[in-house]
Every structure is written in structure tokens, then in C-alpha cells.
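Numbering (this note's numbering), first residue to last: 184 to 742.
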Amino acid sequence: MSTTVGRLLAESLVAHGIDKIWMVPGESFLGLTDALTEVPNVELVVCRHEGGAGFMAVADGRMQGGRAGVLLVSRGPGLSNAMVAIHTAHHDATPLVVLCGQVERKDFGRLALQEQNYSKFLSDVTKDVIEVNEVVQASESIARAFHLAESGTPGPVAVILPEDIFDELTDAPLSKPRPRVYGGARPEDLDQLADMLAKAERPLVWVGGALANASMETLGELQQLAEQWVLPVSPTHRRPQLFDAGHPNYGGYMGIRVPKQLLDQIKQADLIVSLGERITDSVSQSYTFPSAPDPQLPLVHVWPNPDEIGRVFNVTLGIAAEPASVIRSLLRRGAPAGAGKRTAWVGSLNAIHQKLMAPEWDSTPDGVNFAAVCVEIAKHLAPDAVLTSDAGNFSSFIHRYIPFKPGMNFLSSVVGAMGSGVPMAVAASLRNPGRQAIGFCGDGGALMNGNEIATAMQYGGTPIIIISDNKRYGTIGMHHEVRYPNRPYEKAVRLTNPDFAAWARVFGCEGITISSEAEVEAGIAAAFAVKGKPVVVHVHTSAIQMSAWRRSGAPRVHG
């Protein structure tokens, strides 16, 4: 029996398990939204800006065990507004399906209203751009998009839908979801890895993005591997939830600008095993450890897609496999004799980590040291809390002072895009009603996509948003000071901000202000006591304390 393409597309999304679509309405896909209104169990989350909708869809792609988030935007300006989120999904290896309207097919190439060539426009930030110009391929295109987005190195896939296609009738069948294909390690590669680990005296194990959707079972097996094989495990940049920060085998957080005392010790290693970490410039300390292209020590790179292995680094051993399968394979082999020789090495790294994580900070004369806020928030976190973070130096306090554990989740733009913190917190709250969702952002990022707090109000989300307000783009100020010491830079970074607590109350949220360290304990307790609506905590923070590791005018304590 014939059905409209719009209805077939809607049913195809349902077949792929989609229950939320993050969107800003547009005239170029009215036929799809019309069909979706008749499909049960699919919620259209109408957002305030495509940038916010995009970050919500990216966050959703990190909360569903590897299933892609879905973003629906209109052509031209709509898609352009979402580009930062798509860029984030591409760099962060996050599965995302972008559905984008297009002009009618009869107008292709005429520079019709908002027309773009999306194959060109999106070529550098997507895995594929699928243009649905033939009705017979409509459902097939959805199946292909999800398969590509979720396979190998996950990432964004765009499906371009001309405005005139939705109302056409078709007899084409619904294309069912395609089975996930998993790569596996060769036995000889596992033999070599086990031999390298057995011989290593000072190994490092880095765990990153390919484990971001790992189950609690897999993360438990990772802990067993660390304990049985006597290995230090370090979560990488913005993946802090992958290993218990309080565990004695925690080898320190391998984020951007690792503190010097930890980095100096890490550089004594004789082997790196990268389990699911892409090894970006942030993690490799600007490609200095390991050095690119030729590392200064043996490097084992485990990543699901062989195209990524060897792309930057000349690895000693590359294994194209899901890191979870490698962890299980090593556990089945059993720990090598003499693994205990690494006890002192693991202990040395953990001792530095524990010292760096100590809840200690100095008072600041120009505002609240954000360390005090993060330490207090840590006291209120549930075991399954979801934390989100915008980009900025304020996030260094999160990673220094909040002890993450498996079961928690951390959502951010790993590539460092501002504007992600609020919408990701909103998405986390809507995806998991009743689960703690705490979003951190600076005063710069707060007003980039902070309007999505209205989306939380509309759909019953209850995130807690913590705004660190030092009245400037603080990270850029720090870079100015480092690169051009003793030069003025205030006019290049200064911000004039609203009263964010009052701003929150205009939306119907709870608004709380913290102006001094003496107000931190009561202010944070009040925020966590609020139920049934979002909360915004406006913290007047120090500009002198530029990051968790640096004060203005003081030497850096990171590498």
C-alpha cells in the first residue's frame, strides 16, 4: 500500500529507535513534521536556536549507548547555525544524524531561497552527505545514515531532504536498521600487546572517547584489568568518568595542559597503551608526548577504525578493534608473572594525582575562587549524576576538584566549542528525568546558547546551571598574558554581564547569587534543594585565579 515519503521517513526513524528529535521548525520540512505528529512515541523537542538544538542532539548521541542523536534543521541559515555542533560531533567522534531540508528539486542550481550545495558545505565535518532526490531511496537513506554515524569512528551524517519530496507517494519498503559491525583484534596482535605489557616497567594506559558509551560492565572490567595487571589508568581530555578518581590505580587525568609535576613523572613511562583515545593535540600536549609523527616511546593504539590508527602517529602496534573487546581478551589471558614490579610506578603516579586533587585553594580578593564552588558541588553529586561543561578555563576546576566515577556521565565539546554547556545540560535532564544534570559555563558561553533554558522550562527539564562570571573571556585573557607578558589586553576580552540570577527568574527558573566564598555552602545547598524547575547559580568569580593551575602574573604550574 502506498504511503507518503514523509510518513515513510517518520516510520524509518521509529524503526531505528528514535524517540526524541531536537529541532528548530522550518518550512523546508513541513511534510516530515506533519507526518511525525501522527507517529506515537516520537517527541519533537522545539529549541530556541539551531546551535542549541545541535548541542542537545550531540549530547543525546553520548547518552544512549552508541545510538546517534537526531537533529532536524531547515536549509541555509538553519544548518549554518548548527555547524558548531556538527563540527563538535565530527571532532569528538559522536554519532549524529542531521536531517536538513532543501529547496524543491525543480529549483536546484538556481540559487533559490536559502539553497546551498550541502555536499560541498558539509564535506569537511561529516562522514557522509546523503541527498535524497529519489523517493525510492528515502527509507534506505535513513538506514544508511544511522549505520555510518554509529560505525567505525562515530560521527555526523547529513541527510538532505528536498521540500517537495515529502508528499509524494511511494511503495518502497521500510529499510530496517542494519546490524552493527564490530572490528576485532588479530590473535597475533593480542599476543604482542600482552608481551609488551608484560615487559613494561612503567606503562601508561589512556582511556578515551571510544569508551565514552561503555557499559558499567566494561568499565568494571577495565578496573579489574588495572588491578590484576598492575596498570595505571588515565582518562583523557573531557572523559573523566571512565575510571574512578579515588582508585589507587588512577594514573592522573590526561587532559589539556597537564600539571608539570604529573607530566614530568608521566614522561618517565616506557610504554603507552591508548585504549579508545584518538590522541589529539590536547591529549598529546600539542603533539609533544607522544611526539608526532614519531613517538619517543612505544605506542599501542586501539581504535575501532583502522583509518585513524597511523594517521598522525607512527605506532608500534595498531589494533583496529573496540577497546572493550581488547580489555576482555587481556583479562581472559590472566596477568603476567611479575606484574607486581609496577606497584611503585602506579603508586608514584597516583600519589601526585591525589595531591593535585586535594580540596585546597587560596582565597582571592576579586571574587570567589571557583575551586570552592566545585568542591562544594562534589558533596551533593549522586552516583549517576550527569555533568556538562562549556569550554573555558573555569572547566579546569571541575577536573581538578570533582572526583568522577563510573556511573556518572560528563558531556562537553571535547574540541572546545563554547555554547555547549547549557543545551547539553538541558538535553541530559530531558533524556533522564529525575537524574541530576548539572551544567557549568562561563559568562561568555552562558549567553551563546543559554536561551535554551527556555526549552528546559517548556518540556519539564530541571538542570542546575552554574555560571562562573569573571566578566571576561578568561581563557583568552590567559593566553594573552602568556604570549604577550606585561601587555594590556583588557579591551580584547572584557564583558559586561547581566544579573544572571534575575535573568533566570525571568524564564521562571530559580535564581541564586554567590558573591563571596562565605556564601558558597548555603548557595549550592539551596540549588540542589530546588525541585521541579531549573536553577541558575550566578557565581561572581575571580579573574585573578585564571584557572585551577594559574594566577594572573604567576608562573604556570602546568606543562
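Just so you know, even glycine gets a beta-carbon here, dropped at the ideal spot from N, CA and C.
Between Leu414 and Ser185, the CB-CB gap reaches or exceeds 8 angstroms.
In this structure, Ala321 keeps its C-beta atom at 8 angstroms or more from the C-beta atom of Leu227. A direct Cα-to-Cα measurement between Ile449 and Leu532 gives close to 7 angstroms.
Within the same chain, Ala428, Gly429, Met540 and Ala561 come within 7 angstroms of Pro586 by CB-CB distance, once the 5 residues on both sides are set aside.
Within its own chain, the residues whose Cβ lies closer than 7 angstroms to the Cβ of Arg327, once the five positions on either side in sequence are excluded, are Ile313, listed in chain order. In this structure, DSSP gives Pro442 an extended state, which the three-state scheme calls strand. Runs of the alpha helix (DSSP H) spanning 4 or more residues and lying entirely within the region 256–288 occur at 260–264 and 266–275, in chain order. As for any alpha helix (DSSP H) of minimum length 4 sitting wholly inside the region 332–410, the runs are 370–382, ordered along the chain. Around the beta carbon of Val597, 16 or more other beta carbons sit within 10 angstroms, so the residue counts as buried.
Each residue's CA atom was taken as its position, placing Asn592 and Lys289 some 47 angstroms apart. Between Ala268 and Val241, the gap from beta carbon to beta carbon is short of 8 angstroms. Asn615 sits close to Val569, with the two beta carbons spaced by under 8 angstroms. Rounded to whole angstroms, the gap between the alpha carbons of His663 and Thr401 is 43 angstroms.
Rounded to the nearest whole angstrom, the CA to CA distance from His721 to Ile697 is 6 angstroms. The region 361–372 makes no contact with the region 383–397: fewer than 3 CB pairs, one atom from each, lie closer than 8 angstroms.
Taking the C-beta atoms as reference points, Asn632 is found nearer than 8 angstroms to Phe238. If you look at Ile585, you'll find it isn't in any alpha helix (DSSP H); DSSP assigns it neither H nor E. Using a C-beta cut-off of 8 angstroms, the region 430–446 makes contact with the region 465–482, since at least three inter-stretch Cβ pairs fall below that distance. For Ala503, the enclosing beta strand (DSSP E) begins and ends at Leu500 to Ala503.
Here Asp626 is buried: its Cβ has 16 or more other Cβ atoms, across all protein chains shown, within 10 Å.
With 16 or more other CB atoms across the displayed protein chains lying within 10 angstroms of its CB, Gly602 is buried. Cα atoms of Gly706 and Pro442: separation of roughly 30 angstroms, rounded to the nearest angstrom.
Short of 8 angstroms from the beta carbon of Leu380, and not among the five residues preceding or following it, lie these beta carbons of its own chain, in chain order: Pro386, Trp412, Leu414, Leu454, Val456, Leu513 and Pro519. At least 8 angstroms separates the beta-carbon of Val340 from that of Gly261. DSSP places Gly590 in no beta strand (DSSP E); its state is neither H nor E. If you look at Glu317, you'll find it isn't in any beta strand (DSSP E); DSSP assigns it neither H nor E. Between Ile502 and Leu425, the gap from beta carbon to beta carbon reaches 8 angstroms or more. It is roughly 15 angstroms from the alpha-carbon of Val483 to the alpha-carbon of Glu384. Rounded to whole angstroms, the gap between the alpha carbons of Asp567 and Arg618 is 7 angstroms. Across the set Val256, Thr271 and Gly252, the C-alpha of Gly252 shows the shortest separation from the C-alpha of Val280.
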